[in-house]
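Please read the structure below before turning to the comments.
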Amino acid sequence: MKKKLLLIKPLDWVAFRAAKSFSTSEDTHFPNLKTFLGAIYGNLYNFEEKSAKEISTLMKERKLDITGPFVFKQNNGETEIFFKKPAILKKEKESNETHSKKIYKAYIDENIKFKIGTKELNGLRYEKMNNLDDLNKNYITLKELEELKKGYVNIIDTEKNTPSNIPYKIERKIGIEIEKGKRYTKKGGLYSLNYFRFEENSGFCFFVEKDELKLLEKYNTIKLGTKGKLARLEIIEIETNIFDKVNDEEKILYTLTPSFIESGILPKNNENIIAIANYKPETIGFWNGVENKPGELMKVVPVGSCYYTKGEINTLTDKYDYYGFGKYIELKK
Numbered sequence: 274m275k276k277k278l279l280l281i282k283p284l285d286w287v288a289f290r291a292a293k294s295f296s297t298s299e300d301t302h303f304p305n306l307k308t309f310l311g312a313i314y315g316n317l318y319n320f321e322e323k324s325a326k327e328i329s330t331l332m333k334e335r336k337l338d339i340t341g342p343f344v345f346k347q348n349n350g351e352t353e354i355f356f357k358k359p360a361i362l363k364k365e366k367e368s369n370e371t372h373s374k375k376i377y378k379a380y381i382d383e384n385i386k387f388k389i390g391t392k393e394l395n396g397l398r399y400e401k402m403n404n405l406d407d408l409n410k411n412y413i414t415l416k417e418l419e420e421l422k423k424g425y426v427n428i429i430d431t432e433k434n435t436p437s438n439i440p441y442k443i444e445r446k447i448g449i450e451i452e453k454g455k456r457y458t459k460k461g462g463l464y465s466l467n468y469f470r471f472e473e474n475s476g477f478c479f480f481v482e483k484d485e486l487k488l489l490e491k492y493n494t495i496k497l498g499t500k501g502k503l504a505r506l507e508i509i510e511i512e513t514n515i516f517d518k519v520n521d522e523e524k525i526l527y528t529l530t531p532s533f534i535e536s537g538i539l540p541k542n543n544e545n546i547i548a549i550a551n552y553k554p555e556t557i558g559f560w561n562g563v564e565n566k567p568g569e570l571m572k573v574v575p576v577g578s579c580y581y582t583k584g585e586i587n588t589l590t591d592k593y594d595y596y597g598f599g600k601y602i603e604l605k606k
């Protein structure tokens with residue numbers, strides 16, 4: 274099917290505040306969708322005199338519905354999109370001298386059972402169970418995901434200790450928050466800033482589901498990140514099969530956006546979930562635009578986590594669906 278793709282091209286580096294307080298061991302995660310929604314809706318505040326409260330209401334009404342963020346790179350007229358590696362993939366462990374090309378996809382073993390609360394789930398196995406390791410690369414391409422959707426593992430891993438396949442570099446810096454109206458540091462005011470520096474013709478991207486306010490037609494720039502750096506907006510159209518339905522009773526749901534799940538693992542609507550392969554929870558936070566202060570921090574099930582289902586499921590998030598949480602695509606089992 275044809276899908277509209279929103280390209281966000283930073284004109285310079287762009288910085289995002291880490292969700293947690295400063296920690297030298299903290300992993301770097303993408304800014305969440307609400308950050309980008311806030312930047313796009315910010316044009317209503319800057320140019321149409323909409324209040325922060327009015328904008329918050331428009332967000333919750335999902336007047337603009339986009340799926341992402343992902344990363345893209347354009348080269349010779351082609352647009353390559355990168356997705357988080359699905360949690361169902363493993364490969365043979367490598368030594369410093371060998372490069373393993375064989376990649377395995379997890380399958381259900383009904384002889385293995387375990388419970389999360391009162392919910393019984395099946396275990397997962399791989400064709401080979403000894404000396405398994407994670408892939409060297411953290412992201413797969415759209416073409417690789419399209420093959421995985423059809424049930425084929427046609428994925429080429431990068432060699433160990435080689436540069437990443439994604440088109441940006443991250444620098445981490447320390448920020449210090451000052452008490453409002455004072456000259457001294459706020460208690461607990463040390464935090465991390467993640468600076469994204471993209472290669473030329475690359476940036477963040479989103480699939481556009483709906484734009485009732487025509488925001489993406491009216492505005493071609495946004496101010497993004499903690500420093501309000503300028504980024505260009507561009508809409509293109511691509512052909513892809515990843516959003517097609519899989520017409521099998523049993524399938525895999527691969528998460529495209531984070532899911533807020535109160536139990537931490539299984540959504541409330543879990544009747545048809547029969548197995549899971551998820552990444553460890555991430556901490557994210559929102560900026561409260563109405564009160565102009567950081568919002569609450571929360572744990573989410575990260576992008577790339579996978580749920581095996583038998584039958585249909587309505588949602589993979591217990592809250593915040595209006596911010597784009599809990600979106601997924603179906604893969605053949």
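Counting from 274, one number per residue, gives the positions in the sequence shown under my numbering.
Glycine is no exception: its CB is placed at the ideal position from the N, C-alpha and C atoms.
Bear in mind that the values here come from a model prediction, so they are computed numbers and not experimental data.
Beta-bridge pairing of residue i - partner residues as DSSP gives them
i                 : result
glutamate 523     : Lys583
arginine 290      : Leu466
valine 426        : In the DSSP output, where bridge partners are listed per residue, valine 426 has none listed.
threonine 330     : Answer is none; threonine 330 lacks a bridge partner.
serine 475        : Lys346
isoleucine 549    : Tyr580
arginine 505      : Lys282, Thr494
serine 532        : Val574
phenylalanine 355 : Val344, Thr414
tyrosine 441      : Phe471
phenylalanine 387 : Leu394
threonine 556     : Lys572
isoleucine 376    : Lys364
leucine 317       : Paired residue(s): none; leucine 317 is not in a bridge.
Of the listed residues the options, nearest to residue i (C-alpha basis)
i                 : options                        : result
leucine 604       : Asp517, Asn404, Asn438         : Asp517
isoleucine 495    : Ile547, Thr340, Tyr318, Thr330 : Tyr318
tyrosine 581      : Phe598, Thr556, Asn543         : Asn543
asparagine 256    : Met274, Arg398, Lys277, Asp285 : Any property of residue 256 remains undetermined from this structure, which presents the chain solely from 274 to 606.
tyrosine 380      : Gly424, Pro436, Thr513         : Gly424
phenylalanine 356 : Cys478, Leu570, Leu497         : Cys478
serine 348        : Gly476, Gly315, Lys401         : Here residue 348 is asparagine; the residue named in the question, serine, does not match the sequence. For the residues Gly476, Gly315, Lys401, the minimum Cα distance to asparagine 348 belongs to Gly476.
asparagine 467    : Lys487, Arg445, Phe480, Asp484 : Arg445
threonine 431     : Lys374, Lys386, Tyr464, Gly390 : Lys374
isoleucine 546    : Gly537, Glu417, Leu589, Lys553 : Leu589
serine 465        : Gly558, Ile534, Ile557, Gly448 : Gly448
glutamate 535     : Lys524, Pro554, Lys363         : Pro554
leucine 394       : Lys386, Asn434, Pro342         : Lys386
lysine 606        : Lys378, Ala360, Gly558, Asn369 : Lys378
glycine 597       : Ala291, Lys307, Phe303         : Lys307
arginine 470      : Tyr593, Glu510, Lys323, Lys346 : Lys346
glycine 390       : Glu512, Lys541, Tyr593, Asp591 : Lys541
phenylalanine 320 : Asn384, Leu463, Tyr492, Ile361 : Tyr492
Residue environment, residue i, which counts as buried when at least 16 other CB atoms sit within 10 Å
i                 : result
glycine 311       : buried
threonine 297     : Because threonine 297 carries a pLDDT of 39, less than 50, the predicted location of this residue cannot be relied on, and the following value inherits that uncertainty. Per the 10 Å Cβ criterion, exposed.
valine 574        : buried
threonine 406     : The sequence given here has aspartate at residue 406, not threonine. Aspartate 406 is exposed by the Cβ-count criterion.
phenylalanine 289 : buried
valine 426        : exposed
aspartate 382     : exposed
threonine 330     : exposed
lysine 363        : buried
asparagine 520    : exposed
leucine 570       : exposed
lysine 326        : exposed
proline 436       : exposed
threonine 371     : exposed
isoleucine 354    : buried
lysine 275        : exposed
asparagine 305    : buried
glutamate 485     : exposed
glutamate 417     : buried
lysine 422        : buried
lysine 358        : buried
isoleucine 602    : buried
glycine 537       : exposed
tyrosine 593      : buried
isoleucine 509    : exposed
asparagine 316    : buried
CB-CB length for residue i against residue j, believed under 8 Å
i              : j              : result
alanine 548    : serine 578     : At roughly 12 Å, the Cβ-Cβ gap does not stay under 8 Å, so alanine 548 and serine 578 are not in contact.
leucine 539    : valine 576     : Wrong, their Cβ atoms sit about 17 Å apart, outside the cutoff.
valine 344     : glycine 498    : Actually they are not in contact, since the Cβ atoms of valine 344 and glycine 498 sit about 15 Å apart, beyond 8 Å.
leucine 526    : isoleucine 586 : 7 Å
lysine 333     : tyrosine 595   : 5 Å
threonine 340  : lysine 524     : Actually they do not touch by this definition, with Cβ atoms about 19 Å apart.
asparagine 404 : lysine 433     : Wrong, their Cβ atoms sit about 15 Å apart, outside the cutoff.
glycine 584    : glutamate 522  : 6 Å
valine 481     : leucine 488    : Contact flag wrong, Cβ pair sits at about 10 Å.
proline 531    : isoleucine 515 : Contact doesn't hold; Cβ gap of about 18 Å is too wide.
threonine 352  : glutamate 419  : Not really, about 14 Å apart at Cβ, beyond 8 Å.
lysine 401     : glutamate 365  : 7 Å
| request: Inspect the CB distances between the region 500-520 and the region 277-284 and report whether three or more fall short of 8 Å. | output: Under the 8 Å Cβ criterion, the region 500-520 counts as touching the region 277-284, having at least three qualifying pairs.
Check whether the region 409-422 touches the region 440-447, counting contact only when three or more Cβ pairs, one atom from each stretch, lie closer than 8 Å. no
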